[in-house]
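Each remark here refers to the structure printed beneath this line.
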DNA sequence: TTATAATAGTTGCCAAAATCAACTAAATGG
DNA sequence: CCATTTAGTTGATTTTGGCAACTATTATAA
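Chains as they are written, first to last, in the UniProt record's numbering: chain A, 1 to 145; chain B, 1 to 145.
Structure (structure tokens):
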């Protein structure tokens, strides 16, 4: 029980830095961490509106409004007035935005690939299995709570 | 290979939010994430100096100077002039600082405890084992690179 | 030795990131 | 309808962080 908590603390302490998940800039992009999370939320959820992003990314709506403006100004997203709620609009990636997202994902994949490049096939399989186990158990725990 | 990368991406996407590892404030404390990292670096390394923290926490030394002042103003740390380098000083926690650190750790343990409270003993053991496996393999990968 | 470079930390200035409250306009629900 | 809620914007402000110049000390090397 305590052993589990200690292990999780150790895990969090070591895992994040080795994955480079601490910096404020997402990969080499010009986007801050929050801007990137907004961007990828749109990527994973094209057509969503600002209110959706607010609760998904947990960001202030005023701040989000400016982030969305910036993304649009940069030509990475576009808006369409919502047909059934004229206060609102739906957000989509432009072709440039989609290609940027793919670039970022590709770069992230390369970074991850480097980290695990020294592992054998068997070790990679064990890594995938272990991560699967962690995810399932954590998700089960989070839900039951 | 690609499977492993995809799994790691999925892991990062799901694990971090469920562990509340994304916000900028460390737990409920008044400290920002960076301030907290500085604080815990001192906790784990009493007697260290500012230069040590700079490279360990990867923070600008000017900014760090202000963070240290704030910690001291709040009465959580104290400095002692270094005997062998008079430009430098060694940093220690005060009793209040140590007790704050322990409070924060206790609170973090409670949060983690809640997440895994729904798991059986066997599941907790499997979680610990799986995290161990992930850590060892990720560390091995990072080092070999 | 001296003079030169490097290091520890502070300070001032500034830009980016984020919060907060007030606001407009539209939708919703008695 | 009218009151309330909701979507999004805007302005003011604070917090966070980066950068460069500076002082004081230590290390290096001719």
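Backbone N, C-alpha and C fix where the C-beta goes; we use that ideal spot for every residue, glycine too.
Collapsing the DSSP output to three states places residue 87 of chain B in coil. For the pair of segments examined, the region 106-121 of chain A was found not to touch the region 87-107 of chain B: the number of CB pairs separated by less than 8 Å stays below three. Close to residue 109 of chain B, with beta-carbon spacing below 7 Å, are these residues of chain A in chain order: 5. DSSP, read as helix, strand or coil, puts residue 71 of chain B in helix. Neighbours of residue 137 of chain B in chain A, taken as residues at a C-beta separation under 7 Å, are given in chain order as 119, 123, 126, 127.
About 43 Å separates the CB atoms of residue 79 of chain A and residue 137 of chain B; that is not less than 8 Å, and the two are not in contact. Within the UniProt domain "HTH marR-type" (1-136) of chain B, the complete alpha helix (DSSP H) segments of 4 residues or longer fall at 2-18, 33-44, 50-53, 61-73, 95-116, listed in chain order. The beta-carbon of residue 62 of chain B is placed no less than 8 Å from the nearest beta-carbon of chain A.
Of the candidates B:31, B:45, B:4, B:31 places its Cα closest to the Cα of residue 104 of chain B. Taking a Cβ-Cβ cut-off of 7 Å, residue 94 of chain A has no neighbours in chain B, whose nearest Cβ is about 23 Å from it.
Here residue 83 of chain A is exposed. Its C-beta has fewer than 16 other C-beta atoms within 10 Å.
Around the CB of residue 61 of chain A, fewer than 16 other CB atoms lie within 10 Å, so the residue is classed as exposed. For residue 113 of chain A, the chain B residues whose C-beta falls within less than 7 Å of its own C-beta are 5, listed in chain order. Within the same chain, Cβ atoms closer than 7 Å to the Cβ of residue 93 of chain B are found at 42, 43, 46, 76, 77, 101, the five residues on either side in sequence being excluded. For the pair residue 18 of chain A and residue 81 of chain A, the Cα-to-Cα distance works out to about 43 Å. Interface criterion met: the Cβ of residue 141 of chain A is under 8 Å from a Cβ in chain B. At a cut-off of 8 Å, the C-beta of residue 130 of chain A has a neighbouring C-beta in chain B. Distance from residue 4 of chain B to residue 128 of chain A at the Cβ level is roughly 5 Å; contact confirmed, criterion being Cβ atoms closer than 8 Å. At a Cβ-Cβ threshold of 8 Å, residue 130 of chain B and residue 130 of chain A count as neighbours.
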